[in-house]
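Undergrad: Numbering-wise, UniProt numbering puts 167 at position 167 of the sequence shown, and it's gapless, one number per residue.
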Amino acid sequence: MADFSFQALANCSETKARVGVFYTPHGVVETPRFMPVGTLANVKTITPKQLQETGAQMVLSNTYHLHLQPGESIVGQAGGLHAFMGWQGPMLTDSGGFQVFSLSQMRKISEAGVVFRSPHGGEIINFTPELSIQIQNILGADVIMAFDECPPYPATRGEVQAACDRTYRWLERCIVAHNRPDQALFGIVQGGVHLDLRATAAEALAALNLPGYAIGGVSVGEPPELIAKIVAATTPLLPLDKPRYLMGVGTYREMAQAIASGIDLFDCVIPTRLARHGAALVQGERWNLKNAQFRADFTPLDATCPCYACQNFTRAYISHLVRSQEILAYTLLSIHNITELVGFTQKIRDSILSDRFATDFEDWLAPTDNS
Ligand SMILES: [Zn+2]
Numbered sequence: 001m002a003d004f005s006f007q008a009l010a011n012c013s014e015t016k017a018r019v020g021v022f023y024t025p026h027g028v029v030e031t032p033r034f035m036p037v038g039t040l041a042n043v044k045t046i047t048p049k050q051l052q053e054t055g056a057q058m059v060l061s062n063t064y065h066l067h068l069q070p071g072e073s074i075v076g077q078a079g080g081l082h083a084f085m086g087w088q089g090p091m092l093t094d095s096g097g098f099q100v101f102s103l104s105q106m107r108k109i110s111e112a113g114v115v116f117r118s119p120h121g122g123e124i125i126n127f128t129p130e131l132s133i134q135i136q137n138i139l140g141a142d143v144i145m146a147f148d149e150c151p152p153y154p155a156t157r158g159e160v161q162a163a164c165d166r167t168y169r170w171l172e173r174c175i176v177a178h179n180r181p182d183q184a185l186f187g188i189v190q191g192g193v194h195l196d197l198r199a200t201a202a203e204a205l206a207a208l209n210l211p212g213y214a215i216g217g218v219s220v221g222e223p224p225e226l227i228a229k230i231v232a233a234t235t236p237l238l239p240l241d242k243p244r245y246l247m248g249v250g251t252y253r254e255m256a257q258a259i260a261s262g263i264d265l266f267d268c269v270i271p272t273r274l275a276r277h278g279a280a281l282v283q284g285e286r287w288n289l290k291n292a293q294f295r296a297d298f299t300p301l302d303a304t305c306p307c308y309a310c311q312n313f314t315r316a317y318i319s320h321l322v323r324s325q326e327i328l329a330y331t332l333l334s335i336h337n338i339t340e341l342v343g344f345t346q347k348i349r350d351s352i353l354s355d356r357f358a359t360d361f362e363d364w365l366a367p368t369d370n371s
C-alpha cells in the first residue's frame, strides 16, 4: 500500500487554516496549494518543465475528456498519464461526473449510471461508477475521484437529497471497483446549498476512512457568498488527518476563505482560460493586456513575480503578442497566471506557518463577493 498520509505541520490560531504535507507515490504536495488543470493531459500552451517552474506540485487531468480522446487504452499503452504527458509529479484525475452532468447532451441518469451521446462521433456511452474507476485505474494518477452526481443549481431539495444518496451508493461501488493500491480514492461531498444535506453527506463519508475528501458541486451558479457558507459548514466535519480538496474553485477570495475553513487543495481552469483571453492575474487583480495603457509600458507584468514571463518580458511586449494573437502570448500569460495563483496559496502557507494568516489576509477573508 502506497503512503498517502497527510501530516498537519501547523494550525492558524484564529481560523481553521492549516499547513500540511500530503504524500503521494510521485512526490509530496505542500498544502494549502492551488492545482492547475491539464484537461487533455496537458496544461494548455505550456510544457511540463514550464509547469514545474510555476511551483505547481500537483496537476489535474480529466477522465471524461481522456476517455473520449485519445481513449484510456492509448494512455495505458504509454505507461499511464505520467509517462504519456511527461509529468513526473503528483497527479489527480477527476471522475468525469461533473463533465457528464454539465457538458454531455441527451444524458439519461439511472441508478446504474449515466448514458449519453459522445460529442466525438455520436456513439452512445454508458458511464458508470465502475467504468470511471476502471478508466482512472488505467490512467494511473496518484489520486482518483469517486463518480458522483452533481446536482444543478437551482435544484429542489428533493433532487439534491436524491443526488446525495445516489452519490453515496455510487461511492460504495467505486470502492469495490478500485483495484490499485498505489492510487488513493477520494470521496466527494455533495448536498447543493443545503447545509444539513452537506453535513449528513460529510459525516457518512468520513465514516468510510478514505485517504482524502473533496467538496464538490460548488461554483455551479449559486451566489458566491453561499460558497463560503457551504465550505465553512462542511469542511470541519471531514477528518482532520486527511487532505481536503475544494473542487473547481480558484479565485483569490474563495481560496483564502476556504483555507480559513480548513481546505488544503484547489483546482480551477481560471489561470489558463484567462490567459487565452489575454488577461493576467496580478496581485489580486485581473488585467486585460489589450488595454491601451499597456501598449508602451516597458515594465514587467509584476516586478515581484519570479516567473519566466515577468523576469524576461514587458507588459508592452505581451500586449503586442496578445493583440497579434501570437501563441507565445498564451504561454507567457499561462506561466504567469499559474505562478500567481500557486504563489498566492504558497504565501498563505507561509503566513499560517508564522501565524499571521488572519492579519495578513484580512482583506481576502472579508465577506464580500469581489473576487
Ligand atoms: Zn509572473
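Even for Gly, the Cβ is constructed at its ideal location relative to N, Cα and C.
1. So that I know if they touch, is there some Cβ in chain D lying closer than 8 Å to that of A366?
2. Give a single yes or no on whether D297 has its beta carbon closer than 7 Å to a heavy atom of ligand 1.
3. Mind checking which residues open and close the beta strand (DSSP E) that includes F357?
4. Is it true that the CB of D267 sits closer than 8 Å to the CB of M106?
5. Relative to the C-alpha of I230, which candidate in I125, G262, P243, D241 has its C-alpha closest?
6. To which residues of the same chain is L281 closer than 7 Å at the C-beta, ignoring the five residues directly before and after it?
7. Sorry if obvious, but does the Cβ on D355 come closer than 7 Å to a heavy atom of ligand 1?
8. Exposed or buried, what is M1 when buried is set at 16 or more other beta-carbons lying within 10 Å of its beta-carbon?
9. Assign E72 to one of two classes, buried (16 or more other C-beta atoms within 10 Å of its C-beta) or exposed (fewer than that).
10. Just to confirm, does C268 get its C-beta within under 7 Å of one of the non-hydrogen atoms of ligand 1?
11. Verify whether the separation of the beta carbon atoms of residue 382 and T299 is less than 8 Å.
12. Alpha carbon to alpha carbon, how far is G217 from F101? Give it in angstroms, no decimals.
13. Is D350 close to ligand 1? I mean its beta-carbon at under 7 Å from any heavy atom of the ligand.
14. Output the boundary residues of the alpha helix (DSSP H) element that contains S61.
15. Counting along the chain, where does the alpha helix (DSSP H) carrying G158 start and finish?
16. Could you tell me which residues DSSP pairs with W287 in its beta bridges?
17. Should A56 be listed as close to ligand 1, given that the test is whether its C-beta is under 7 Å from any heavy atom?
TA: Taking the coordinates as given:
1. Included in the structure is just one protein chain, with no chain D present.
2. Because no heavy atom of ligand 1 lies under 7 Å away, the Cβ of D297 does not count as near it: no.
3. Unbroken run through F357 is the alpha helix (DSSP H), 357–360; no beta strand (DSSP E).
4. No, they are not a contact pair.
5. A check of alpha carbon separations from I230 across I125, G262, P243, D241 identifies G262 as the nearest.
6. The answer, listed in chain order, is P271, L274, N337, E340, L341.
7. No, Cβ of D355 sits at least 7 Å from all heavy atoms of ligand 1.
8. Counting Cβ neighbours within 10 Å, M1 comes out exposed, since fewer than 16 surround it.
9. Counting every other CB atom within 10 Å of its CB across the protein chains shown gives E72 a total of 16 or more, marking it as buried.
10. No, Cβ of C268 sits at least 7 Å from all heavy atoms of ligand 1.
11. Past the boundaries of the shown model lies residue 382; the chain is included only from 1 to 371, so the question cannot be answered.
12. A direct Cα-to-Cα measurement between F101 and G217 gives close to 11 Å.
13. No, the beta carbon of D350 sits no closer than 7 Å to any heavy atom of ligand 1.
14. That residue, S61, is in no alpha helix (DSSP H); its beta strand (DSSP E) goes 59–62.
15. Annotation: the continuous alpha helix (DSSP H) that includes G158 extends over 157–177.
16. Paired residues: A280.
17. It does not: the Cβ of A56 is nowhere closer than 7 Å to a heavy atom of ligand 1.
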